[in-house]
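Only one structure is covered here, and it is reproduced in the block below.
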Amino acid sequence: MYRTDAKGSQANGPFATHGTRQASLTSFSYSALKTVTTDDAGHSRTEERNIDGKVARVTDATGAQLAQFYDAFGNLVQTRDPFDNMVVVAYDKRGRKLSMTDPDTGTWEYEYDALGQLVWQRNPNQKAKAQETTLKYDLLGRMVERNEPEFKSRWYYDAYADGSVCDKGIGKLCESVTDHGVRRRIAYDAYARPVGTRTDIASGPSFVSGVSYDSATGRPLTQTYPTGVKIRYNYTKLGFVSSLSLATPATVNPLPATAGGTPGKAVSLPAGTMLWQGLSYNASGKVEEQQYGNGVTAKASFEPDSGRIARITAGIGDATDIVNYSYQWNGLNQLTVRTDANGDGKTGAVTDTFALYDAVGRLQNYSVSAPAVQGWSAA
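Here it is in structure tokens:
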């Protein structure tokens with residue numbers, strides 16, 4: 001909900017509804033080219049604009065300022081903070097960025113062709129080693145080659161690299177190759193949808209994956225992974241994914257519980273085994289309850305006004321012994337308390353309290369309270 005002044009300008013906007021519920025209020029005030037935004041904690045941020053409507057100066061809640069300067073064409077050419085740290089950007093006559101100098105990353109340089117396509121760039125590390133990156137495009141403006149100091153990449157459209165037919169691949173990427181030994185081919189179906197990808201690594205393995213589609217709706221129906229595992233997507237009447245199941249039998253080989261330990265016993269799963277199922281959703285489409293193939297049910301509850309997560313649990317049935325977290329937030333959408341009701345499973349709950357944020361939202365202090373860590377804090 002928003003309230004405006006007589007001129008229609010936004011005056012304030014509460015984060016949640018009024019009535020008996022708690023509301024977080026953000027207010028806005030206007031004076032000529034200046035806009036002041038004040039959050040629920042009283043922190044103000046000021047934006048000053050030039051006559052072209054571009055932000056010329058920003059003052060945050062701590063009083064720190066950032067000034068921004070533009071050229072006659074409206075291009076941002078410089079930013080400057082109170083310590084005289086500057087980011088400087090240079091452009092050519094067509095408004096294309098030629099260089100950017102930043103006190104943290106150094107100077108980046110760029111060059112373009114007559115069509116405005118980036119064909120050359122160099123970062124500070126490359127400049128120090130007399131290296132560069134070059135790019136090439138085809139007649140349709142698609143990138144077909146990129147040369148970097150580490151390796152060269154090529155992209156092939158409409159046909160495969162060897163000239164063979166890429167069926168239904170007109171206008172699409174059919175193959176990509178790097179000169180350090182990675183090759184990827186894509187296959188399409190009669191409707192030009194990707195149905196298979198093969199990745200070959202020189203002197204190494206090859207990986208094949210695929211996807212099939214529902215003939216009636218066009219939605220993805222199955223996904224095949226390089227291991228050979230195939231899963232099936234199941235949908236609701238409205239077209240949302242409701243569950244994932246095995247389309248073919250699979251064998252699960254558990255990893256050892258500890259390094260060097262003995263692996264668990266292999267488990268064979270028949271086709272049709274449910275891997276994941278969404279059981280309930282809220283009005284915003286967020287999953288409130290879902291179940292996994294191992295029988296674990298995960299539940300989530302959200303604050304009704306803000307949609308922020310309030311609690312997460314997981315366990316067999318209604319149990320919460322696997323995960324049991326709860327969260328509290330302030331009016332600025334900052335986490336203030338996080339509680340792990342399970343802790344280490346033996347000594348009791350662990351509570352993290354995020355007690356202090358500065359005026360621009362940076363965490364300054366938090367404490368951890370637990371039976372094994374009494375009153376420990378870090379600032």
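If you use full-length UniProt numbering, the sequence shown corresponds to residues 1 to 379, in order. Idealized CB from N, CA, C, for every residue including glycine.
Taking the C-beta atoms as reference points, T217 is found no nearer than 9 angstroms to F207. Straight-line measurement puts the Cα of G74 at about 10 angstroms from the Cα of G53.
Not a single unbroken stretch of the alpha helix (DSSP H) spanning 4 or more residues falls wholly within the stretch 166-195.
In this structure, L140 is the residue among K127, L140 and W108 with its C-alpha nearest to the C-alpha of L115. Spanning the alpha carbons of P371 and A300 requires a straight line of approximately 26 angstroms.
Taking 9 angstroms as the cut-off, the beta carbon of S242 is found closer than this to the beta carbon of Q277.
For secondary structure counted as the beta strand (DSSP E) over 3 or more consecutive residues, the stretch 23-81 holds these complete runs in sequence order: 25-31, 34-38, 44-49, 55-59, 65-70 and 76-80.
In the DSSP assignment, A128 falls outside any beta strand (DSSP E) and lies within the alpha helix (DSSP H) extending over P124 to A128. A distance of 9 angstroms or more separates the beta carbons of V360 and T351. The Cβ-Cβ distance between I309 and G315 does not fall below 9 angstroms. The alpha-carbon of T236 is positioned some 12 angstroms away from that of L244.
Residues of the same chain with a CB within less than 6 angstroms of the CB of T35, apart from the 5 flanking positions on each side, are E47 in chain order.
Note on geometry: alpha-carbon atoms of E175 and P256 lie some 39 angstroms from one another. With a cutoff of 9 angstroms on beta-carbon distance, P249 and A271 are scored as near each other. If you check the CB distance, N123 and T101 do not come in under 9 angstroms.
Inside the stretch 217-268, DSSP marks whole beta strand (DSSP E) runs of 3 or more residues at positions 220-224, 230-235, 241-246 and 250-252, from first to last along the chain. Short of 6 angstroms from the beta carbon of T222, and not among the five residues preceding or following it, lie these beta carbons of its own chain, in chain order: S212, K230, R232 and A247. With a contact defined as Cβ atoms closer than 8 angstroms, N282 and F302 qualify at about 6 angstroms.
For Y366, the secondary structure class from DSSP, reduced to helix, strand or coil, is strand. The residues A90, Y91, D92, E109, Y110 and E111, in chain order, have a CB closer than 8 angstroms to that of L98 in the same chain once the five nearest residues on each side in sequence are set aside. Cα atoms of I312 and T262: separation of roughly 32 angstroms, rounded to the nearest angstrom. It is roughly 5 angstroms from the alpha-carbon of E289 to the alpha-carbon of L279. Check the Cα spacing between D179 and each of A190, A187 and S153: the tightest is with S153. Note that the C-beta distance between A349 and T320 is not below 9 angstroms. Between V55 and Q68 a beta carbon distance of about 6 angstroms is seen, short of the 8 angstroms cut, so the two are scored as contacting. K168 and D138 do not touch by the CB rule: their CB atoms are close to 19 angstroms apart, not below 8 angstroms. 9 angstroms or more divides the Cβ of T224 from the Cβ of G239.
The alpha-carbon separation between I186 and D162 amounts to approximately 14 angstroms. In the three-state scheme derived from DSSP, where H, G and I count as helix and E and B as strand, K286 is classed as coil. Assignment of I322 by DSSP, reduced to helix, strand and coil, places it in the coil class. Cα atoms of D358 and T26: separation of roughly 17 angstroms, rounded to the nearest angstrom.
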